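Heads up: the structure comes next, in structure tokens.
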Amino acid sequence: MTRLQWRDFGNGLSMSRLARAGQVELVLYRIAADAAADAFVRHEHIGGEFYLVLRGQIADETGEYSKGDIVFLDPRSAHTPRAAGETVVLVLWPAGVRIVDQ
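For the sequence shown, my numbering assigns the number 223 to the initial residue and increments by one for each residue that follows.
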């Protein structure tokens, strides 16, 4: 993971874009153990979201997921993820992301 280009959001959350074709994106999120509780903002997945937890644990309004869990969120679903400890998640967005007004 050290050879990837990371965008650091300054709150313990970093993202590396692995691939993009139109609105389809494959990204890797790295969440530090001491990340801010609100590192992720509430957002909607226009075409849904698939993600695989590679390390750690992540939770949202739909449940708690640990290493090895694969999660699918329906199109137009919105959530506010939060991580427990150091976490790495591989994410596929079929049709982009939109920040939801808080």
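Ideal Cβ placement from N, Cα and C applies to all residues, glycine included.
None of these values were measured; they are calculated from a predicted model.
Pull up the distance between the alpha-carbon of residue i and that of residue j, whole angstroms please.
| i | j | result |
| --- | --- | --- |
| Gly278 | Ala254 | 10 angstroms |
| Ala257 | Gly234 | 4 angstroms |
| Glu283 | His267 | 14 angstroms |
| Val310 | Arg298 | 24 angstroms |
| His211 | Tyr287 | The question about residue 211 has no answer here: the residues shown for the chain are numbered 223 through 324. |
| Arg323 | Gly290 | As written in the sequence, residue 323 is Asp, which differs from the Arg given in the question. So the two alpha carbons sit approximately 31 angstroms from each other. |
| Gly307 | Leu276 | 13 angstroms |
| Gly285 | Val319 | 20 angstroms |
Suppose the cutoff is 6 angstroms on Cβ atoms and the five residues either side in sequence are ignored; what does the same chain contact list for residue i look like?
| i | result |
| --- | --- |
| Phe272 | Phe294 and Leu314 |
| Leu226 | Ser238 |
| Pro303 | Phe262, Ile280 and Asp282 |
| Trp228 | Ser236 and Ser238 |
| Leu248 | Leu240, Ala241 and Leu314 |
On the criterion of 16 or more Cβ atoms from any shown chain inside 10 Å, does residue i qualify as buried, or is it exposed?
| i | result |
| --- | --- |
| Ala261 | buried |
| Ala259 | exposed |
| Ser236 | buried |
| Arg252 | buried |
Near residue i, which residues of its chain fall below 7 angstroms by C-beta distance, leaving aside the five closest residues on each side in sequence?
| i | result |
| --- | --- |
| Ile321 | Val263 and His265 |
| Leu312 | Leu250, Tyr273, Leu274 and Leu276 |
Return the chain-ordered list of same chain residues with a C-beta closer than 8 angstroms to the C-beta of residue i, the five sequence neighbours on each side being excluded.
| i | result |
| --- | --- |
| Ala317 | Gln245, Val246, His267, Ile268, Gly269, Gly270 and Pro297 |
The region 233-248 contacting the region 288-295, beta-carbon criterion three pairs below 8 angstroms:
Using a C-beta cut-off of 8 angstroms, the region 233-248 makes no contact with the region 288-295, since fewer than three inter-stretch Cβ pairs fall below that distance.
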